[in-house]
Every structure is written in structure tokens, then in C-alpha cells.
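Each residue of the sequence shown is one higher than the one before, starting from 488 at the first, in the working numbering.
Note that CB positions come from ideal geometry on N, CA and C, so glycine has one too.
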Amino acid sequence: MISWTLLICISLTWNSWQSWQSMLNQGKSEGRMAFLKDLSYRVWNASHGGVYAQITEETKPNPYLRVPHRDITTTTGKELTLINPAFMTREVLTMSAKIYGLKGHITSLNLLNPRNKHDDWEKEALQTFELEPSEVTKFMSIEGQPFMRFMRPMITTKACLKCHDSQGYKVGDVRGGISVSVPMAHHLAAAKKAIWYLALAHLVFWIVGLAGLAFSKKKIIYYFLVSEKARKLEETEKAQLKVSLNKLLQAESRIQELNEGLELKVSERTKELKVANERLKSLDQLKSMFIASMSHELRTPLNSIIGFTGMIVSDMAGPISDLQRDYLQRAHSAGKHLLDLITDVIDISKIEAGKIAVSYKEFLLDEVVNEALDSVENDLHKKELKLETDISTGIVMYTDRKRLLQCLLNLLSNAIKYSVQGTIRVEIKPHNKQVEFLISDTGIGISEQDQKRLFEPFVRFESPLKMHTAGTGLGLYLTRKLAQDVLAGTVSATSQIDHGSTFSLNIPQRIASENNNVDKGSTS
């Protein structure tokens, strides 16, 4: 029923629109015919160079026509005046309006005669002609009555230049236009009557259609359901048969392929696995040898450099000059930085190789936290940073003490390093067999884009403090590796530019050591 009603409404709307358009097109046609008639008078007059008419009360000399011999007297004494095309067109349009009600007007944007002044709609049409000379129409009300406004441009011809050459026109220019206003009252009444009949006919047709639908609804629904069910059943059976056939063919083809190449593939894969295993063993041995060599060959001389330079700076080997002290202090700092870098690289290599030695034991968390805070106390004092703590005491941990201390020192050092002033806050709370470490700072902060790469190796972000802070770009990466692979926990960060950062370390209070993929050595 809804579909039938919608169809009737669409049909009524379409036919009503067609009737309305027919009425508008009829008005446009009448306007076009009137224009062509008026234009033909004008062309005829222009082709004769104007015509002479007797001077009367209604037909007086045109004061705007400045041509030789405008007014003449015949041999019989009759006074005549020259009627130019524009004058004749205006007179004809005036007469047509009085007799037939068909209003016409000749006008231009560049007027000679003020009587030809355009109205607002005509001005708009004339401006349109300047861009594209074509006809303009509009259905509108004039003094409460419906009219079809029609206007076409007048193109300058050679004959026009006799009167309008002084205005600067050339052949082909738009001189102006002739406007026609066609009365549409009788056309509008006819269109409304036609639309009324259409509405009545559609109403009757709609009622008859509803009656027919109500009568045949049950039969139509029954036959539709039966045919639809049969169609779906047929389609389902065909689809199932097609799928089964395809699966059978695919299975047969696959079995044949597997039978043909199974032995060859097994042999090839076995050889490849043997080669890969041998290579992995060799690489693992080389990596272990490299780590051991680096640990011994680099740390030993660096420790010697750090120790001897420290002794000299402390005046244990005798007095030195200020310049020598400055150079030695730089060498001492560079040695310690290089040793830290080597230690981080070796730790990361051991973690990734699964060879890092861990030592799980029970200890009091307070001792580790105090040791970490004592280690950074001097750095806090140098930068005049305030330390705030909110630490739950008496927490007993079972995990790798050394690696936990290493993570805390990395996070604390990072917070101090990128804070110019303000506060470093440390919060430690137990929760659901987990311990959460929150280390916050009021430093320079990290942008959202940089936070995505925060825990990647060798990453140092651009900041005003970069030139004044030492770093390898491995601290946070190593912290994450230790937290995940040794302490079975997680590390994350939140930050805002110019408002500081907060790093969160979450680890189990008692680690299930059998779940870690690292070397469970007894010492670290």
C-alpha cells in the first residue's frame, strides 16, 4: 500500500510539474514571437534608413535624434519627421500594450532617451547580455498580476550606426534589448485547472488501486512466498552442489600435488633446517665470544683510565695546574660515559641473546630505593631540584635487585637530566601483587610524535637541553628490555610539552622466575 501511494504521489508530482512547465513554455513562446515581431519592425525601419511620418500631437519630432533632414516639409505643405527604428519600436510596443495587454519595452545600459530607462530585472538581463548574448526569461508578478518576462539582446548592425555611432558602438556590439511582458493570468488559470483534474484523476486511480490490492493481497502474498521459497531452495541446492563439487575437485588436486612433491619437500626442508641450525649455533657462539671479549678488553683499560685520572684530579699524584685539571676532568667524564655506553650495549646484547645472568632473591624494597636516591642526590643538589616522595615502606620483593636498581637509576637520571627547575617526585605503591613506580618531573616534556619512538635504541630528541646533557640514547631502551625480559614487568610514559613527564614501571612483587627467557645464573 505504501509503495502504491508513493507511486501515485510521484506520478501526480511529475504530471503537475509537466503542466506547470507547459504553461511556462507557452508564455516563453508568446514572448519570443512578440520579440521577433518587434525586431522585424525595427530591422525593416533600419534597412530603409528610417521612415517619415506626419507630425501630430501623438507623433512629434524625436529630440534625441540628431541627424540631417530630421524634419522636412512636402511640396504640399505637410510637415514630416523622421521615425528612427528605436522610436518606431517604442510606439509599436506602447500600442500593443493598450490593445492586447502585451507589454514591451526597448532599453539599454547606455541610454539616449530617459523614457527607455530599464527596471531592476531588465538591468540584470542587460548585464547578462554583456557576458553572453542570449534570451532571459522569468515568471514573476507585476502589480499583482502574473507575467512571463522575456528579453533578448539587440545586436548593433551597420544601419544602427546612423543614430548610435556617436556612442562608440561597433557592428556586433550589444546595443541593448527588447523586453516583453506576456500576461499569464489565463495561462495560470488553465494550468491550475489541469493540475486539479490531474489530482482528482490520481485520487480515483489511487482508491481503485487500493481496492484491487486489498482484494488480491492474500493471493499475491501466497504465490509470492511459494515462488520465493522455491527459488531460494533451488538456489541453495545449486550453491551447495557447486561448493561441494569445487571442494572435491580442489581436494583431489591438492592430494595429487602433495603426493607428488611430499618426499622432495621433506628432504629439502630437512637440509635447510640443518644448515640453519648450524648457522644459528655458530652465530650464537660468535655473539657470546664478542660479548665476553668486549666485557674484558674494553672495561679493564677504561676502568684504569677512570681510576688514574680520578687520582690525578684528586691531587694524589701531586699538584697540577688548573688547565691540566680541566683536561683531566674532561677525560675522566668521557671515560665514565664510554664505560656506561659499553655496559649498556653489552647488557642489551646479552638480553637479546638470552644470555644475561640474573639473580633472584628476597630483599627489602626500601634499601634499593634509598640507594637509588642517594646516588642522584648530588645531581639534584647541583641543579637545585626539589625531591618529593610518596613511598610505601616495608615492601618485601623477590626479584633481581641489581636490575631493579639499574632501572630506577635510569629513570631518575633521565628525569633530572631534562629538568631545568622544579620538582622530581617519586611514588611507589603495591597493587594486586604488583608494585608501581611513578617517577615524575617538571621538565621540558615530550611531544606526542616523539613519544611513539621514546623506547627505541639510540633515539635522542631535539630539545633546548640536548647540547648540555650527555646521553647515549640507550637508557630508556635498556630500561624497557630489563623491565620486560628480566623483571617480567612493563614501562610506559605520559608527557606534555613544557609541563613535564611521568614514567611508570610496573613489576611483580614476587617474580615467577621459571617464566623468564633469560639465563638463570646464580650471580649477575
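State yes or no: is the C-beta of E914 within less than 7 Å of the C-beta of D877?
yes
For F634, write down the residues that DSSP places opposite it in a beta bridge.
M627, P670
In terms of residues, what are the limits of the beta strand (DSSP E) holding N512?
Premise fails: N512 lies in the alpha helix (DSSP H), 489-534, not in any beta strand (DSSP E).
Taking P640 as the reference, give the member of V856, T966, L494, F522 with the closest Cα.
F522
Pull up the distance between the alpha-carbon of Y587 and that of G514, whole angstroms please.
14 Å
Report yes if the CB atom of F942 is closer than 7 Å to the CB atom of R967, and no otherwise.
yes
Excluding five sequence neighbours on each side, which residues of the same chain lie with their C-beta closer than 8 Å to the C-beta of L879?
Checking the displayed sequence, the identity of residue 879 turns out to be Ser instead of Leu. Same-chain partners within the cutoff: I915, K916, P917.
Can you give the Cα-Cα distance for R888 and S846, rounded to whole angstroms?
8 Å
Sorry if obvious, but does the Cβ on G822 come closer than 6 Å to a heavy atom of the ligand SAH?
Of the ligands one can find in the structure shown there are none, so the ligand SAH has no counterpart to examine.
Can you confirm whether the region 498-513 touches the region 573-581 when touching is taken to mean that 3 or more C-beta pairs between the two stretches lie within less than 8 Å?
No contact exists between the region 573-581 and the region 498-513.
Can you confirm whether the region 971-978 touches the region 992-1000 when touching is taken to mean that 3 or more C-beta pairs between the two stretches lie within less than 8 Å?
In short, these stretches touch, since the Cβ pair count reaches three.
Apart from the five residues on each side of it in sequence, which residues of its chain come closer than 6 Å, Cβ to Cβ, to G909?
T929
R662: buried (16+ other C-beta within 10 angstroms of its C-beta) or exposed?
buried
With distance defined between alpha-carbon atoms, name the residue in H592, H556, K610 nearest to T568.
If we check each option's Cα against that of T568, H556 comes out closest.
Does the structure place the region 850-869 close enough to the region 885-901 that three or more beta carbon pairs sit under 8 Å?
Yes, the region 885-901 touches the region 850-869.
Tell me which residue opens and which closes the alpha helix (DSSP H) that H986 is part of.
Secondary structure note for H986: it is in no alpha helix (DSSP H), with a DSSP letter that is neither H nor E.
Got a sec? Which residues, its chain only, sit under 7 Å from A678 by beta carbon, not counting five neighbours each side?
Around A678: S506, W507, M510.
Do S982 and S988 have their CB atoms nearer than 7 Å?
yes
Cutting at 8 Å between CB atoms, please list the residues of its own chain near I882, excluding the five before and the five after it.
L851, L852, D853, I915, P917, V922, Q996
Taking three-plus beta-carbon pairs below 8 Å as touching, is the region 494-504 in contact with the region 680-698?
yes
State the Cα-Cα distance for the pair E750 and K758, rounded to the nearest angstrom.
13 Å
Hey, could you find the ends of the alpha helix (DSSP H) V538 is sitting in?
Run containing V538: none in the alpha helix (DSSP H); it sits in the beta strand (DSSP E), 538-541.
Which residues does DSSP list as the beta-bridge partners of Q921?
Residue pairing by DSSP places Q921 opposite H918, P995 in a beta bridge.
Using the three-state DSSP reduction, which class does Y447 fall into: helix, strand or coil?
The shown model of the chain, from 488 to 1011, leaves out residue 447, and the question about it has no answer.
Where does M627 land, buried or exposed, given buried means 16+ other C-beta within 10 angstroms?
exposed
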